[in-house]
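Visitor: Structure provided below as structure tokens; questions to follow.
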Amino acid sequence: MAASPASLAVMVADCTPVLLASPEGIIASVHCGWRGLVAGVIPAAVEVMRAQGARRIQSAVGPCIGSECYEFGEEDLERVEAAFGGNRPGVRAAAASGKPALDLRRAVGHLLAAEGVETVYRDGRCTACEASRYYSARARGEAERQAGLIWRKG
Numbered sequence: 020m021a022a023s024p025a026s027l028a029v030m031v032a033d034c035t036p037v038l039l040a041s042p043e044g045i046i047a048s049v050h051c052g053w054r055g056l057v058a059g060v061i062p063a064a065v066e067v068m069r070a071q072g073a074r075r076i077q078s079a080v081g082p083c084i085g086s087e088c089y090e091f092g093e094e095d096l097e098r099v100e101a102a103f104g105g106n107r108p109g110v111r112a113a114a115a116s117g118k119p120a121l122d123l124r125r126a127v128g129h130l131l132a133a134e135g136v137e138t139v140y141r142d143g144r145c146t147a148c149e150a151s152r153y154y155s156a157r158a159r160g161e162a163e164r165q166a167g168l169i170w171r172k173g
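The sequence shown begins at 20 in this note's numbering and counts up one residue at a time.
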């Protein structure tokens, strides 16, 4: 039986939209902020997809706030590092101000790789830096969001 058409969206401002798909037609969209990463949203999404029959999962990772703009409290940064099993290269960064920062892109990349997910697209643009293109709750206090969309054909 062929999979029926479906589409999913994930709304984000500075968090990372992660779109997942398998050749079997199983799709997911994941909102990846630091709290969700610590809570395990990526492994949970991959687990559900595999339980539904996904064998090979690929991802597209949308734009998010870059570490250069993402000042991060030391205590919360330590929580993120602990969730990753210690200080992984690139997860701890420095913001343009010189203060501690989280590299959200790297954290997402580490988790996807750990789950065996191939990243086929990664948008490296910063939502805080590109005000003409993206909304940013952190940088500009904007309430609007951009959407990551994924769909499958019937």
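Positions of the beta carbon are idealized from the N, C-alpha and C atoms, including for glycine. If you're wondering where the values come from, they're calculated on a predicted model, not measured in any experiment.
1) According to DSSP, is Ala147 part of a helix, a strand, or is it coil?
2) Quick check on Trp170: buried or exposed, where buried means 16 or more other Cβ atoms within 10 Å of its Cβ?
3) Using the Cα positions of Leu96 and Pro42, report the straight-line distance between them to the nearest angstrom.
4) Would you say Tyr177 and Pro82 are within 9 Å of each other, going by their C-beta atoms?
5) Which of the three DSSP states, helix, strand or coil, is assigned to Ala47?
6) Does the separation of the CB atoms of Ala166 and Met68 fall below 9 Å?
7) So, at 8 Å on beta carbons, what are the nonlocal neighbours of Arg124 in its own chain, with the 5 sequence-adjacent residues on each side left out?
8) The ligand MG and Arg144: does the residue's C-beta get closer than 8 Å to at least one heavy atom of that ligand?
9) Of all the CB atoms in chain C, is at least one closer than 9 Å to the CB of His50?
10) For Val136 and Val65, which I take to be in contact (beta-carbon distance under 8 Å), what is that distance rounded to the nearest angstrom?
11) Following the continuous alpha helix (DSSP H) through Ala132, name the residue where it begins and the one where it ends.
12) Do the CB positions of Ala112 and Tyr89 come within less than 9 Å of each other?
Guide: By the coordinates alone:
1) In the sequence shown, residue 147 corresponds to position 128, counting from 1. Note: Ala147 maps to coil in three-state DSSP.
2) The residue given as residue 170 occupies position 151 in the sequence shown. Answer is exposed; the Cβ neighbour count stays below 16.
3) Mapped onto the sequence shown, residue 96 falls at position 77. Mapped onto the sequence shown, residue 42 falls at position 23. The straight-line gap from Cα to Cα measures roughly 36 Å.
4) The structure shown does not extend to residue 177, since the chain is modelled only from 20 through 173, so no value can be given for it.
5) Within the sequence shown, residue 47 is the residue found at index 28, counting from 1. The answer is strand: DSSP assigns Ala47 an E or B state.
6) Taking the first residue of the sequence shown as 1, we reach residue 166 at position 147. Taking the first residue of the sequence shown as 1, we reach residue 68 at position 49. Contact: no.
7) Taking the first residue of the sequence shown as 1, we reach residue 124 at position 105. Scanning its chain for C-beta atoms nearer than 8 Å, with the 5 sequence neighbours on each side dropped, one finds around Arg124 the residues Thr35, Val80, Cys83, Gly85, Ser86, Arg141, Gly143, in chain order.
8) Inclusion of the ligand MG in the displayed structure is not the case, the ligand content being empty and no account of it being possible.
9) No chain C appears in the structure shown, which is made up of a single protein chain.
10) One-based indexing of the sequence shown puts residue 136 at position 117. One-based indexing of the sequence shown puts residue 65 at position 46. So it is a contact: roughly 6 Å between Cβ atoms.
11) Sequence index remark: in the sequence shown, residue 132 carries index 113 (1-based). Bounds of the alpha helix (DSSP H) holding Ala132 are 123-133.
12) Locating residue 112 in the sequence shown gives position 93, counting from the first residue. Locating residue 89 in the sequence shown gives position 70, counting from the first residue. It is a contact, given that the beta carbons lie within the stated cut-off.
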